[in-house]
Structure formats: C-alpha cells, structure tokens
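For the record, the sequence lines run as chains Z, G, S and U.
All residue numbers for the first sequence refer to numbering that gives the first Met the number 0, where the first residue is 0 and numbers rise by one.
All residue numbers for the second sequence refer to numbering that gives the first Met the number 0, where the first residue is 0 and numbers rise by one.
All residue numbers for the third sequence refer to numbering that gives the first Met the number 0, where the first residue is 0 and numbers rise by one.
All residue numbers for the fourth sequence refer to numbering that gives the first Met the number 0, where the first residue is 0 and numbers rise by one.
As structure tokens, the structure follows; a few thoughts come after it.
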Amino acid sequence: MIRKTKANVTEALVGVQDGMTFMLGGFGLCGIPENAISELVRLGVKDITCISNNAGVDDFGLGLLLHQHQIKKMVSSYVGENDEFERQMLSGELEVELTPQGTLAEKCRAAQAGFPAFFTPAGYGTEVAEGKEVREFNGKMHILEEAFKADFAFVKAWKGDAAGNLIFKGTARNFNPCMCGAATITVAEVEELVPEGELDPNQIHIPGIFVQRIFQGKDYEKRIEQRTVRQK
Amino acid sequence: MIRKTKANVTEALVGVQDGMTFMLGGFGLCGIPENAISELVRLGVKDITCISNNAGVDDFGLGLLLHQHQIKKMVSSYVGENDEFERQMLSGELEVELTPQGTLAEKCRAAQAGFPAFFTPAGYGTEVAEGKEVREFNGKMHILEEAFKADFAFVKAWKGDAAGNLIFKGTARNFNPCMCGAATITVAEVEELVPEGELDPNQIHIPGIFVQRIFQGKDYEKRIEQRTVRQK
Amino acid sequence: MLDKNGIAKRIAQEVEDGYYVNLGIGIPTLVANYVRDDISVEFQSENGILGMGPFPIEGEEDADLINAGKQTITALPGASYFDSATSFAMIRGKHVDLTILGAMEVAENGDIANWKIPGKMVKGMGGAMDLVASAENIIVAMMHTNRAGESKILKRCSLPLTGVGCVKKIVTNLAVLEVTEDGFLLLERAPGVTVDDIKTATEGNLIIKGEVKEMNV
Amino acid sequence: MLDKNGIAKRIAQEVEDGYYVNLGIGIPTLVANYVRDDISVEFQSENGILGMGPFPIEGEEDADLINAGKQTITALPGASYFDSATSFAMIRGKHVDLTILGAMEVAENGDIANWKIPGKMVKGMGGAMDLVASAENIIVAMMHTNRAGESKILKRCSLPLTGVGCVKKIVTNLAVLEVTEDGFLLLERAPGVTVDDIKTATEGNLIIKGEVKEMNV
Numbered sequence: 000m001i002r003k004t005k006a007n008v009t010e011a012l013v014g015v016q017d018g019m020t021f022m023l024g025g026f027g028l029c030g031i032p033e034n035a036i037s038e039l040v041r042l043g044v045k046d047i048t049c050i051s052n053n054a055g056v057d058d059f060g061l062g063l064l065l066h067q068h069q070i071k072k073m074v075s076s077y078v079g080e081n082d083e084f085e086r087q088m089l090s091g092e093l094e095v096e097l098t099p100q101g102t103l104a105e106k107c108r109a110a111q112a113g114f115p116a117f118f119t120p121a122g123y124g125t126e127v128a129e130g131k132e133v134r135e136f137n138g139k140m141h142i143l144e145e146a147f148k149a150d151f152a153f154v155k156a157w158k159g160d161a162a163g164n165l166i167f168k169g170t171a172r173n174f175n176p177c178m179c180g181a182a183t184i185t186v187a188e189v190e191e192l193v194p195e196g197e198l199d200p201n202q203i204h205i206p207g208i209f210v211q212r213i214f215q216g217k218d219y220e221k222r223i224e225q226r227t228v229r230q231k
Numbered sequence: 000m001i002r003k004t005k006a007n008v009t010e011a012l013v014g015v016q017d018g019m020t021f022m023l024g025g026f027g028l029c030g031i032p033e034n035a036i037s038e039l040v041r042l043g044v045k046d047i048t049c050i051s052n053n054a055g056v057d058d059f060g061l062g063l064l065l066h067q068h069q070i071k072k073m074v075s076s077y078v079g080e081n082d083e084f085e086r087q088m089l090s091g092e093l094e095v096e097l098t099p100q101g102t103l104a105e106k107c108r109a110a111q112a113g114f115p116a117f118f119t120p121a122g123y124g125t126e127v128a129e130g131k132e133v134r135e136f137n138g139k140m141h142i143l144e145e146a147f148k149a150d151f152a153f154v155k156a157w158k159g160d161a162a163g164n165l166i167f168k169g170t171a172r173n174f175n176p177c178m179c180g181a182a183t184i185t186v187a188e189v190e191e192l193v194p195e196g197e198l199d200p201n202q203i204h205i206p207g208i209f210v211q212r213i214f215q216g217k218d219y220e221k222r223i224e225q226r227t228v229r230q231k
Numbered sequence: 000m001l002d003k004n005g006i007a008k009r010i011a012q013e014v015e016d017g018y019y020v021n022l023g024i025g026i027p028t029l030v031a032n033y034v035r036d037d038i039s040v041e042f043q044s045e046n047g048i049l050g051m052g053p054f055p056i057e058g059e060e061d062a063d064l065i066n067a068g069k070q071t072i073t074a075l076p077g078a079s080y081f082d083s084a085t086s087f088a089m090i091r092g093k094h095v096d097l098t099i100l101g102a103m104e105v106a107e108n109g110d111i112a113n114w115k116i117p118g119k120m121v122k123g124m125g126g127a128m129d130l131v132a133s134a135e136n137i138i139v140a141m142m143h144t145n146r147a148g149e150s151k152i153l154k155r156c157s158l159p160l161t162g163v164g165c166v167k168k169i170v171t172n173l174a175v176l177e178v179t180e181d182g183f184l185l186l187e188r189a190p191g192v193t194v195d196d197i198k199t200a201t202e203g204n205l206i207i208k209g210e211v212k213e214m215n216v
Numbered sequence: 000m001l002d003k004n005g006i007a008k009r010i011a012q013e014v015e016d017g018y019y020v021n022l023g024i025g026i027p028t029l030v031a032n033y034v035r036d037d038i039s040v041e042f043q044s045e046n047g048i049l050g051m052g053p054f055p056i057e058g059e060e061d062a063d064l065i066n067a068g069k070q071t072i073t074a075l076p077g078a079s080y081f082d083s084a085t086s087f088a089m090i091r092g093k094h095v096d097l098t099i100l101g102a103m104e105v106a107e108n109g110d111i112a113n114w115k116i117p118g119k120m121v122k123g124m125g126g127a128m129d130l131v132a133s134a135e136n137i138i139v140a141m142m143h144t145n146r147a148g149e150s151k152i153l154k155r156c157s158l159p160l161t162g163v164g165c166v167k168k169i170v171t172n173l174a175v176l177e178v179t180e181d182g183f184l185l186l187e188r189a190p191g192v193t194v195d196d197i198k199t200a201t202e203g204n205l206i207i208k209g210e211v212k213e214m215n216v
C-alpha cells in the first residue's frame, strides 16, 4: 500500500536536484521547514530557485543556504534582516525577484488550485508591472500575474496524520497552506505525527490530497527574530 | 460600540430590497440559510437575483421563493430536483445562468478576495465560454471569468461569535465560507452564538472581518434530500 | 452484456493504490463497492469531503454530512471537510487522480455531453465541466445506446458539450473503449457480446486490432 | 513639532469604532497604543492574525505567534489565525477599513515610494504594494523631511513607486495633509510649528485655505 509517511528527512527529500525550484513556507523565521532546510544544506544542492516570502537571517533559515551559495535565485516579498543576502544581491551573485506579498501568496494558491493566471491591482504602475499585461476592471487598473511552477514545496505544520492532513499553529500557518499542492511534490514536516483518525476532520487546515510526503520533524529551534515583551 | 450581533432575522436583514442580488450558501438543502430564506419569503422582496449552487426543492429552500415568483434570475450550477424551477425556466418566466460549480465557487472567492477576474479551464469549448475571452496557457485553453457582485450574502454556520468568526460543520460548509465577504453585506446565521473568546482562534473557518451581521438562528429543519442508509 | 453493477465492477479494476477518486452520480457511485480492499483509495465528493465512507447505519444519518448526490454518508478515519473553492482547487489543480462520470453522449474526438437537452431537460453541469476540463484521467461510465437503441458513442456529439477532447476511456454495458486519435479503439468486450454487436451499437469510428478479449468481471 | 509617538497619537484620532486596521512597521505600530478604549477596533497583521493584542508578558513569548514586524505578540478574545492568501483576501478585498504605513516619499498626485533605494537598499515591498493598491483609506505616517533636511513631500516621487495615486492623508512631524487634485491641502499644523515652517519643508504644491488650526494632541 502506498504510504506518505517517511522515516526521516532524508527519505522525505529523495529526488531533490541541482537547478530545481523549491517553495518554502514560513514568515520570517516563524513556521519555516527547519528540517528540510538543514537537509538541503547537507545535500549541498546548487543553483536552486527558492520561492519564500523571506530569506531567513544570516545564520538561520534560508540564510544557511545563502552562505553556502546554493541559491541561484530568490523569489520573495521582503528580504531585509540579512546582510549576506544584501551583499550577494547588490554584487549580482544572487538573482532576486521581488513580488508583492499578497501576489506571492496567490501565485502559490493559483498553482495549488489550477488557475494559470489572475488579475490583481497590486503593483500596478510600479516596477512589478513591467512586461505584464495591464487591464482595467471596474474603473481600476490591474495586472495579470501567473501561477508559480515548482518542483518541491517544503512546508512545516504543527500536527499531521498519515493521510497527509495538516493543522498549523498560530501565525506559523502563514504561507505553508498556500504552498501545499502548489509544487510537483509537497513535503510536510510536522511537530506531531498522529495515526489517521486522530485529527478532527472538521479542523483540518490542509486536506491530505495536497501533500505527497510527510514526516515527523525533530530538534525544532523555533528561533524568535524580534523578542518583544511588556512589563506585568 | 458597533455590534455585529442582531437580535433576530428581521433585524439582520434590514436593507434588503426588490431587485437586489443575493448570494445564498448551501449545497442542495445542506447548510442553507433557512432563517434568511424564510424572512425573504415573509418580506416578499421581488425581482431578485439569487447566486446559489442549487435552487432548493419544490417546497423547501429556494423553492419557497420560486413558488412566490420572487426570483427574477438564478445563477447556479445544478438545478434538478425542482419541478417548479424547471417549469418557470422552460416557460421563460425565470432567467437562468448556469455556471460550472468550481467556477461558481471561485467567482465568489474572487469577490471576497478582491480579484476582478481569473482564467480557468472549466467550460472551454462549451456554451459557458460564449462571449468570454479565451487564452492558452501551458498548451491548454482557458476562459476568463469575472468576480460576482452582490448586495447581500446569506450564510449559515454551526458556531459563531460576536466578532463574526464562524465555524462550519461537516459538508454543510460547502459554499458558505466562499460567500462570506463576497457581497456588500454578509449576514451569518448560526446554530450556536457564543461570546468572543470561546472559539479557538486556530480553528476558525471564517474570520469575522468577512461578516457584517450575525444572529442566532432558530427552528432549523435541516431536511435530508436523499436519506440513504445501510444495514448493520 | 453488463448491467450497471457490472460496469461499476469493471471500472473498479482501473482504480490503483493511493488514488484520490471523484465519483459522479449514478453508475460511478457504485464503483466504490467494487474496489479491491488491499489497496488504499480515498473518495472525494465535490461538495466538500475527502475520505468518504459508506452510507450510515439507519438512525445515524447526519443532515450535515452528504455527498454530491445529496445522499447521507459517513466519513472514514483520515477524512477532511472543506469548502467548495478548496474542493475545486483539488479538482482543477489535478490533485484528484481519477474521475469517473456518466455521459449522454461521447464523441470519437473525446468530446462529452452530459448536462443539457435543449428545450427539454436542463439540470445543469454541476461540477462536471470543472472535472472534465481538469482531470487527466477520466473514465466515462455509460450505456452504449439509448432506450431507442441509438448509439451514444458518436462521431460528433449532438447535445451541448460538457468538455472538449477530454475523455480517454469509456466503459459501457457492451465494451471498454479507448479514445485515440483515429477513433474508438475497442479494448474489451462484455461477456456474451460479440465484436459485431459492438460495431452495430457504435456510430463513431470503431477500431479493432487483432483479437478483442472478453472482460474479466 | 511631533515626535514619533506624537504622530502615532494624532493618527489614532482617525481610527473609528468597528474599524479593522492594518498597521505597518515603525511609527504605525505605535498607533495601537493611543486608540481610545471606548471604541472597538481589531488589528490585522498580514502574516496571519486578526485581533492582535499587546506584546506578551516576559516569559510568555510564543515563537509561533508574531506580527508582520516579526515581533512576539498576543491574541485578544475573538482573534483568528489564517494563511497568507486569506490575509491578503482581507486586504485586496477591501475588508480592512484603515491602513497606516510609513513612506520614504509621497507625491502630490498620491504616489508613494517606500520599498527600494536603487543600488543601495532593497528590502522589498512586503505587503505594502497590496495594501496601497487596495485600501481606500490610507494614512501615511512619516517625517516631513529626511536627515539632510530635504523634503519627502514631493511634486513627484524620485524613488521606485510602491503605488500610484493611492495616498489620501499624511501625518508628519509637522502637519496633517490631505492629498487633493491640486496638491497637498494643509489641514493642521503640529504644536509650535508655523505655516511657513511647513511651506519650507514641503517641495510639493502646498494649499493653504484660511486659518490652519493647530493639532489637538
């Protein structure tokens, strides 16, 4: 019987190759697929294109791949907080495609849902619109954006089951659900992997059909980028 | 302080008028806004356009509005199971716009999410494509579909809170979430209305921002269209 | 010649391990009864459930739990519920591996008609247009001829289309056909049915290559 | 002249009962501290929370609960979490009532630039392009001039644009301005700031109609 559950991250990432395009969930360092990123570092795959809202920080998240010069191109909406990134970008070593955050999310969702293209107002009249079709709807200008294409999507969830069903936690949800099913193969790493039937079918954020491989992640660091507190 | 919670269906439907366009959630008779439909019957608003996947049965759901000739136009994907509907349609009394089910759902979601138009493969080469722009993406033909516009959306949820957050139950979810925020005013009727803070923020299907009015529904009949059982 | 259950039984042989399957109303619904139980298959119903189970035991019907045919159902362990936009994301996004649906007419170019008889019957397309436009693996379950004995396997569809060039395989009460560039390739014949019977019942171009084996149902 | 908190305080007066508000990074974040507590306002953060509360008490930080500025936060009763596509459905679909964000430059035609300095700084637009393209009610919080004393309230933006013709209102350390067809209409001046001070600090066309009242902050 076909099983989605993989024993570990190495088994889950079988098939990743140089030159591929990967989607990676997370916002800042929140909800990133830590295990998958570590394995990509270990594997040393090169010339990859990463679709991810952010590029990590210098020594964590996608910053780890940047340091090893594994990334050829980043597709992101916000890439601050990362000196090495800025250096590689300004020196021309790294190709960068900046996309409005909502458009980025929807280009994932369009790939997931089988829409080749959609009109959005975001970016009209800016650099982002260059070379794109412009059209007026309801008296307002919009640009045509196309769905992403990717080989693997790496996402991180809170709980998951053997059927691939996923539940995310808090704002660690972010781009993760949008990327499920948006690539040829979606690999989900979860904090807690449970047998089928343990998750309430009414509370599942991403049905298993969007996930091809799932594994129990380990050693989550869950680093906090801006620890802000108030006094009692 | 602005309050979304309304005392009853009459208060919740203030502002509905002849000639308006309404969205109504539900699939068959499952998850339909029973209270809102009853009130529309009582109010006797006429010449209305209803966007709803189905048209009810002869004596329940939207069939009640059909019998009173309140509906000028139906926008649906499937309208079987309703003799009066068929009679009005074939006689020309009722205008009918049939739309593929997935396109119907997405035209709602596009209205909710601020997309004026999207390309979809559904309906290419059929009557549905007549008068619509056709374009090839990735070697496959697609047609351009536009977002719906509606005055009110009437949806039914299982649980809701005073902030307008909604949780649906089982397959009574269907079109209801897609229609929230897709009309100028969204009215949600719920089986159980709870104070803010009682629903787990991680398990909310529709955040309250998509809902303008909410009320505790009553006397739900929840009629079953096709009761099918097996032997023990 | 097969009855409806026979057609469903033959189609069930096409279902493979790990498949997500969408079953249309009518004969396709019966397919679930004949899928081998040593493989893992999940049924999707486009009204919003994945992991659909059998009909409920009497007294356990839940009005909030139905399939696309509006029948009361149950959910199996590992099931999930979702909204209509997400449901068609599964379909349009090619996440459903196999779609089985009925038809009024199929043409040798893969066109299918199953939603409207002008001036007579207009139930609507429901999810069929999304399904046929998106699925890469579609099997049509149908009777080879109508009640008047006229072929429904045609050169060109006469009824309004549901989709163009999308049907790959057809299982009827008489035969299993593959839609090819040159027409309907006869793959199998039903028990007790001759190649000539099928020829007679088929208006579209029928291609016969060598010995046509009998179905194993 | 106002400091950052003063700007936030003045903007807070624009927040009305029942509003859903998106606060950008920097000065806009401070606005939450000054909203009247007799009205009901929900803060949306585009990374996926509605009903954002104050920073957590020390020791109660949750790495899985942050705002768009990557700061640890809390959730208030009635809050909800959602994915990025849903978050921007709220924004693009005009469900957010008020958007407050910072800017490097604003022009008299309503253009705004706040995401890139060519060859020097490219942090990216984040959600700003979606926000300014969709929101009907945008207030820009900014300093009137840069550190070199040059105006950031311009005839035309010199930096790459974030959005065109979208800014309606600006609150700076010196003034409250409304963007009109003819230029920047001076609505209010900051305490201790003269109309001439504002004229000097404004490169774009400044419109002065009658007496300009001092802000009440």
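We put the CB at the ideal spot given by N, CA and C, even for glycine.
The structure presented is a predicted model; accordingly, all values stated were derived computationally and were not measured.
Short Cβ contact (8 Å threshold) for residue i with residue j
i	j	result
Phe-153 (chain G)	Pro-32 (chain G)	yes
Ala-181 (chain G)	Cys-29 (chain G)	no
Ile-137 (chain S)	Thr-98 (chain S)	yes
Val-78 (chain Z)	Asn-53 (chain Z)	yes
Ile-24 (chain U)	Gly-68 (chain U)	yes
Lys-155 (chain Z)	Gly-24 (chain Z)	yes
Phe-209 (chain Z)	Phe-21 (chain Z)	no
Thr-201 (chain U)	Ile-152 (chain U)	yes
Ile-70 (chain G)	Leu-42 (chain G)	no
Arg-212 (chain Z)	Ala-11 (chain Z)	yes
Ser-83 (chain S)	Ala-104 (chain G)	yes
Supposed close pair residue i, residue j - CB separation, criterion 8 Å
i	j	result
Leu-160 (chain S)	Asp-110 (chain S)	6 Å
Gly-101 (chain Z)	Phe-87 (chain U)	3 Å
Glu-41 (chain U)	Gly-50 (chain U)	5 Å
Gln-70 (chain S)	Phe-54 (chain S)	7 Å
Leu-39 (chain G)	Val-15 (chain G)	7 Å
Glu-213 (chain S)	Glu-177 (chain S)	So it is not a contact: roughly 16 Å between Cβ atoms.
Gly-162 (chain S)	Thr-125 (chain G)	7 Å
Leu-147 (chain Z)	Ile-50 (chain Z)	The sequence shown places Phe at residue 147 (chain Z), not Leu. Correct: roughly 6 Å between the Cβ atoms.
Short CB-CB distance (under 8 Å) between residue i and chain Z
i	result
Met-89 (chain S)	yes
Ser-79 (chain S)	yes
Lys-158 (chain G)	no
Phe-118 (chain G)	yes
Gly-109 (chain U)	no
Pro-115 (chain G)	yes
Thr-221 (chain U)	For chain U, the structure presents residues 0 to 216; residue 221 (chain U) sits outside this window and is missing.
Test: residue i CB closer than 8 Å to a CB of chain S
i	result
Ala-162 (chain Z)	yes
Ile-50 (chain Z)	no
Below-8 Å beta-carbon distance, residue i vs any chain U residue
i	result
Glu-221 (chain Z)	Per the sequence shown, residue 221 (chain Z) should be read as Lys rather than Glu. Interface residue, yes.
Cys-29 (chain Z)	yes
Ile-213 (chain G)	no
Val-8 (chain Z)	no
Gln-67 (chain G)	no
Ser-75 (chain Z)	yes
Beta carbon proximity, residue i to chain G, threshold 8 Å
i	result
Gly-169 (chain Z)	yes
Lys-154 (chain S)	no
Is the stretch 139 to 152 of chain U close to the stretch 51 to 71 of chain U, with three or more CB pairs under 8 Å? no
Any 3 or more C-beta pairs closer than 8 Å across the stretch 100 to 110 of chain U and the stretch 29 to 43 of chain U: no
May I ask you to verify whether the stretch 111 to 129 of chain S touches the stretch 92 to 106 of chain G, counting CB pairs closer than 8 Å and requiring at least 3? yes
What are the complete beta strand (DSSP E) segments, minimum 3 residues, inside the stretch 85 to 125 of chain U? 97 to 101, 104 to 106
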